[in-house]
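Engineer: The structure is given below, and queries will be raised subsequently.
Here you go:
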């Protein structure tokens, strides 16, 4: 069971400003059914660009509903300029905090507000223009970078808690780790970060060791038979290699990869590696 | 703390109330008879006799022999013991068959065998159809020369769907393959007679059948090769080291005896209440649907999806009325994706996020069913009003 504050409980059980404004000044739609939460925010502005009314409709858990409800309460009476400065942390703080796994609910509130403001101004959302990193939840690199910077995130797990990125199939976890390292370069030394996020080995270390093992232990054997091997990519525990020369036409190439290359790499580099042929 | 008398408890697939008779049987072993059954003195030795009796009570419920019963600490330990034992007994076999809808105890174990054993394994995870049932033809095709063990749950914890494990065990046996079933949800709810099956290993968890937590059983068929998981003292005839959890063993024995006595009630009265709840919800709440096969199912479980609303929000509103149930939604699991069981069945996201599992026991009453039926429609309607995907004319 989640530990929700009384404030979250109140806003969940008795939400404020549920509904949809007719002819709104701005509308923000974020999330989807597939993602498990979605929020439609509408607001009305007066001629001084002050938010006079705001309403929400939310599909989601208690913290998603509470975040939406408290957000509408916060922004009514604000100027558009003030509203555009509201962060997800502000939303979470107003609720007396959210469980860390639920921070993405406050992020959703902020994103809906941004989308609604952009809608009013006739602008495109800059965040949506980034490159999609997490396909499961449709999160872009720009969104991840912003979350890291604004909420001072230090691990991939935190990125998932705040943005949901990486919470699905997990394919993007290594990319998230890279973004984390790139983004937080300034504040924290790379070494500390690597230790924090990856207890065993960084991708870079892995690549180096794999290259070394290939050169010293694996290539000589293959070359004897007129073949060769090249490292194409390392993605988490997945090592993608490409066979060259005589190996390409060899019917036993799959066996070579699994029984010989993988075995050797597991022995010499990391026992969890999975070697696949890159085609 | 919330008083148990106030709870409308419909989460019996998660855990059950300890039967008063079970507690009564246990108490003397927590207070007076604290002796170690391995001791030479009578004070300890007499406890050993009580354990023997409990072993017989468990065996009787399963249609097994007492010496085929090993007491463990939980269902998970039983599952791990069975699977690792089979892999050690046949080191040359590196193929494991299981399903997409297993409990994490088997799912996470089988998916991490390479890392856990240091050997490469081939894993077949059998698909289920939209009703949550297995395709026996696909199963037959998967059985191979190098298959060490098949592990298929007897009944699914989320949907209650029952798998044809008796038939599947027979097919495995014909090919010399060991068969394990996680029967944690099935034991005590449906009749089981292991003598008439080819099942080699079967796991039980005490707290799922009104026994205490922290006690489990692994049934190992006589003649089935076995390697212990916990190695230590000679307890359980050397098959599971560690001083016996005496009071819980006694409690589990009594719980099994009670389950046998209540079996008819479970399959008539409880089933009737479940059917009433299920039909009532489906007919009073539009855009709701049953998850799982309507017939081949445990008598106590109803898994129902309410479209366009989210499970955690439903549960917390139910909690306001002290109604206890579970959900397969992402938010309740702590992960960001809905239940792997519902996803394997192909339940659409619109429905998977809004799934609620009601699981009854012999302690539920008609009044409770009526209470839940009275409260659910307004809970769902209230949340739908808030949902951006819900249209009033749907």
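Protein chains in written order, with our numbering: chain A, 368 to 646; chain Z, 1229 to 1622.
Glycine included, C-beta positions come from ideal geometry on N, C-alpha and C.
Here the structure is a predicted model, which is why all the values come from computation and not from measurement.
(1) Could you tell me whether any Cβ in chain Z is nearer than 8 Å to the Cβ of residue 489 of chain A?
(2) Any C-beta of chain Z within less than 9 Å: which residues of the stretch 392-420 of chain A qualify?
(3) Which residue or residues does DSSP assign as beta-bridge partners of residue 408 of chain A?
(4) Taking only the alpha-carbon atoms, compute the straight-line gap between residue 612 of chain A and residue 1517 of chain Z and give it to the nearest angstrom.
(5) Between the stretch 531-542 of chain A and the stretch 424-438 of chain A, do at least 3 Cβ pairs fall closer than 8 Å?
(6) To the nearest angstrom, how far is it from the Cα of residue 457 of chain A to the Cα of residue 492 of chain A?
(7) Would you give the residue range spanned by the beta strand (DSSP E) that residue 1447 of chain Z belongs to?
(8) Could you check whether the stretch 1401-1410 of chain Z touches the stretch 1352-1362 of chain Z, counting it as contact only if at least three pairs of C-beta atoms, one from each stretch, sit closer than 8 Å?
(9) Kindly indicate the opening and closing residues of the alpha helix (DSSP H) around residue 1598 of chain Z.
(10) Consult DSSP for residue 1406 of chain Z and reduce its assignment to one of helix, strand or coil.
(11) So, does the CB of residue 429 of chain A fall closer than 8 Å to a CB anywhere in chain Z?
(12) Just to make sure I have the definition right: I need the residues of chain A whose C-beta is within less than 8 Å of the C-beta of residue 1352 of chain Z. Which are they?
(13) By the 10 Å Cβ neighbour count, where 16 or more other Cβ atoms means buried, how is residue 413 of chain A classified, buried or exposed?
(14) Output yes if chain A places a C-beta closer than 8 Å to the C-beta of residue 1408 of chain Z; else output no.
(15) Which class does residue 601 of chain A belong to by DSSP, given the choice of helix, strand or coil?
(16) Given a cut-off of 8 Å on the beta-carbon distance, is the pair residue 1443 of chain Z and residue 1299 of chain Z in contact?
(17) Cα separation between residue 385 of chain A and residue 431 of chain A?
(18) Go to residue 1351 of chain Z, then tell me how far its beta strand (DSSP E) extends in each direction, as first and last residue.
(19) Contact criterion: CB-CB distance below 8 Å. Does residue 1581 of chain Z meet it with respect to chain A?
(20) Name, please, each residue of chain A whose Cβ falls closer than 7 Å to the Cβ of residue 1536 of chain Z.
(21) So residue 1413 of chain Z contacts chain A; which residues on that side make the cut at Cβ distance below 9 Å?
(22) Given residue 445 of chain A, which residues of its chain have a CB within under 6 Å of its CB, disregarding the five upstream and five downstream residues?
(23) How is residue 487 of chain A classed by DSSP in three states: helix, strand or coil?
(24) Name, going along the chain, the residues of the stretch 1372-1399 of chain Z whose beta-carbon falls closer than 7 Å to a beta-carbon of chain A.
(25) Determine, for residue 379 of chain A, whether the minimum Cβ-Cβ distance to residues of chain Z falls below 8 Å.
(26) Should residue 1542 of chain Z and residue 1408 of chain Z be called a contact, given that it needs their Cβ atoms to be closer than 8 Å?
(27) Out of Z:1573, Z:1595, Z:1599, Z:1473, which has the shortest C-alpha to C-alpha gap to residue 1258 of chain Z?
(28) Mind checking which residues open and close the alpha helix (DSSP H) that includes residue 527 of chain A?
(29) Considering just the uninterrupted stretch of the beta strand (DSSP E) at residue 1586 of chain Z, what are its terminal residues?
(30) Tell me the rounded alpha-carbon separation between residue 1234 of chain Z and residue 1276 of chain Z.
(31) For residue 1276 of chain Z, which three-state DSSP category applies?
(32) Under 8 Å between C-beta atoms, does residue 1614 of chain Z make it to chain A?
(33) Beta-carbon of residue 569 of chain A versus every beta-carbon of chain Z: anything under 8 Å?
(34) Please determine if the stretch 590-607 of chain A and the stretch 1299-1309 of chain Z are in contact, where contact requires at least 3 C-beta pairs separated by less than 8 Å.
(35) Hey, is residue 385 of chain A's beta-carbon within less than 8 Å of any beta-carbon in chain Z?
(36) What first and last residue would you give for the beta strand (DSSP E) that runs through residue 1379 of chain Z?
Structural biologist: On the basis of the coordinates in this document:
(1) Not closer than 8 Å to any Cβ of chain Z, the Cβ of residue 489 of chain A fails to qualify, so no.
(2) Residues 396, 398, 399, 400, 401, 402, 403, 404, 405, 406, 407.
(3) The partner list for residue 408 of chain A (beta bridge, DSSP) reads A:395, A:423.
(4) Their backbone Cα atoms lie some 58 Å apart in a straight line.
(5) With the cut-off at 8 Å, the stretch 531-542 of chain A and the stretch 424-438 of chain A do not touch.
(6) So the alpha carbons of these two residues sit roughly 21 Å apart.
(7) Residue 1447 of chain Z -> beta strand (DSSP E) spans 1444-1448.
(8) No, they do not touch.
(9) Segment 1594-1614, the alpha helix (DSSP H) holding residue 1598 of chain Z.
(10) Looking at residue 1406 of chain Z - three-state DSSP - the assignment turns out to be strand.
(11) Contact with chain Z is found for residue 429 of chain A, since one of that chain's Cβ atoms lies less than 8 Å from the residue's Cβ.
(12) Result: empty, since nearest Cβ-Cβ is about 17 Å, beyond 8 Å.
(13) Exposed, by the Cβ-count rule.
(14) No, residue 1408 of chain Z does not count as interfacial toward chain A.
(15) Strand, per DSSP.
(16) Taking 8 Å as the Cβ cut-off, residue 1443 of chain Z and residue 1299 of chain Z qualify as a contacting pair.
(17) Roughly 13 Å between the two C-alpha positions.
(18) Its beta strand (DSSP E) spans residues 1350-1354.
(19) It does: the Cβ of residue 1581 of chain Z has a partner Cβ on chain A nearer than 8 Å.
(20) The answer, in chain order, is 426.
(21) Simply none; closest approach about 22 Å.
(22) Excluding residues within five positions, the ones whose Cβ falls inside 6 Å are 418.
(23) If DSSP states are grouped into helix, strand and coil, residue 487 of chain A belongs with the helices.
(24) Within the stretch 1372-1399 of chain Z, no residue has a Cβ lying closer than 7 Å to any Cβ of chain A.
(25) Chain Z, which has a Cβ nearer than 8 Å to the Cβ of residue 379 of chain A, makes this yes.
(26) It is not a contact, given that the beta carbons lie outside the stated cut-off.
(27) In this structure, Z:1473 is the residue among Z:1573, Z:1595, Z:1599, Z:1473 with its C-alpha nearest to the C-alpha of residue 1258 of chain Z.
(28) Start and end: 523-530.
(29) Its beta strand (DSSP E) spans residues 1583-1587.
(30) Going from the Cα of residue 1234 of chain Z to the Cα of residue 1276 of chain Z covers about 39 Å.
(31) Residue state, collapsed to three classes: helix.
(32) Yes, residue 1614 of chain Z lies at the interface with chain A (some Cβ there is under 8 Å from its Cβ).
(33) Chain Z contact via Cβ: absent.
(34) With the cut-off at 8 Å, the stretch 590-607 of chain A and the stretch 1299-1309 of chain Z do not touch.
(35) Taking 8 Å as the CB threshold, residue 385 of chain A lines the interface with chain Z.
(36) Counting along the chain, the unbroken beta strand (DSSP E) around residue 1379 of chain Z starts and ends at 1375-1379.
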